[in-house]
Amino acid sequence: MNKNTRNLLRLMSILVFGLGLACAQDWVRIPALSGNEDWLMVIGYGLLLFISR
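Note that my numbering has the sequence shown beginning at 2, numbered continuously upward.
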């Protein structure tokens, strides 16, 4: 995986984690994601750990 792809995936995983955190803290209300905030945070953090190794 080249450097640009790795940085793009890292940015996407941070955005997914941030979206999950924002929904969990009720900063953002997205009805389609209601109840799935924890999964978004787990997926985002897991991707970040996988990419940064």
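Cβ coordinates follow ideal geometry from the N, Cα and C atoms, glycine included.
Remember, predicted model here, so these are calculated numbers, not experimental data.
DSSP places ASN5 within a helical segment (H, G or I) once states are collapsed to three.
Within the same chain, and ignoring the five residues on either side of SER53 in sequence, the residues whose Cβ sits closer than 8 Å to its Cβ are ARG11. Residue range 38-52 is occupied by the alpha helix (DSSP H) that includes ASP39. Comparing alpha-carbon positions, the option among LEU20, SER14, VAL43 lying closest to LEU34 turns out to be LEU20. Taking a contact as a CB-CB distance under 8 Å, the pair VAL17 and LEU50 does not count as one, their CB atoms being some 13 Å apart.
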